[in-house]
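In terms of the UniProt record's numbering, the sequence shown opens at residue 1 and continues consecutively. What follows is a set of notes on a single structure, which appears directly below.
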Amino acid sequence: MTNNDFLRRLRYALNLKDNVTVQIFKKGGLTVTKEDVVNYLKKDIDEGFKKLSNTDLMSFLDGLITFKRGEKKEVSPAPKIKITKNNLNNILLRKLRIALAFKSYDMIEVFKLGGVDISEAELNALFRSEDHRNYKECGDKYIRVFLKGLIEYCRD
């Protein structure tokens, strides 16, 4: 799943308008215009398509956390996490969990709405660090299912 596709589906699930999306990017420390957002949301075959980088997507998710939960009172620098192809989906899922203030049972319910039964142990394995022996890589299927369930959860 591409970053643009992820943004498109998340934006739909949370019912975010273009101007709100611009504000969220700004809260994440990235200045984009409404035109940039529109270009991020286009399909890759459309004219004017703009590819969303991993760092820009992380800025959006950090902004979403701030947008949904408010500014942190005590600002300590977040630990730098090296983003690789293997852990990107795990990071996306973790940041969504924080932004939406979901507990384990909320996450399990969203996965169930998306069509996958996941145990709490399996869910916890997705949030572990890569060097942990019980770490499980989050594949594109899990992200798609989670976003599909999130649409059901938020829009119904």
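Idealized CB from N, CA, C, for every residue including glycine.
Start and end residues, alpha helix (DSSP H) containing residue i
i      : result
Phe111 : Ser104 to Gly114
Leu88  : Leu88 to Ala99
Cys154 : Asp140 to Arg155
Phe25  : Asp18 to Lys27
Supposed close pair residue i, residue j - CB separation, criterion 8 Å
i      : j      : result
Val37  : Thr21  : 5 Å
Phe102 : Phe146 : Wrong, their Cβ atoms sit about 10 Å apart, outside the cutoff.
Tyr40  : Asn4   : 6 Å
Spatial distance of residue i from residue j (CA atoms)
i      : j      : result
Asp140 : Arg97  : 17 Å
Asn19  : Thr66  : 16 Å
Lys136 : Gln23  : 33 Å
Glu35  : Phe6   : 18 Å
Asp62  : His132 : 24 Å
Asp156 : Leu150 : 10 Å
Buried or exposed by the 16-neighbour rule on C-beta atoms within 10 Å, applied to residue i
i      : result
Ser59  : buried
Ala13  : buried
Ala121 : exposed
Gly29  : exposed
Ile45  : exposed
Phe49  : exposed
The ligand PLP heavy atom lying under 8 Å from the CB of residue i
i      : result
Glu152 : Ligands in the displayed structure: none, and consequently the ligand PLP is not present.
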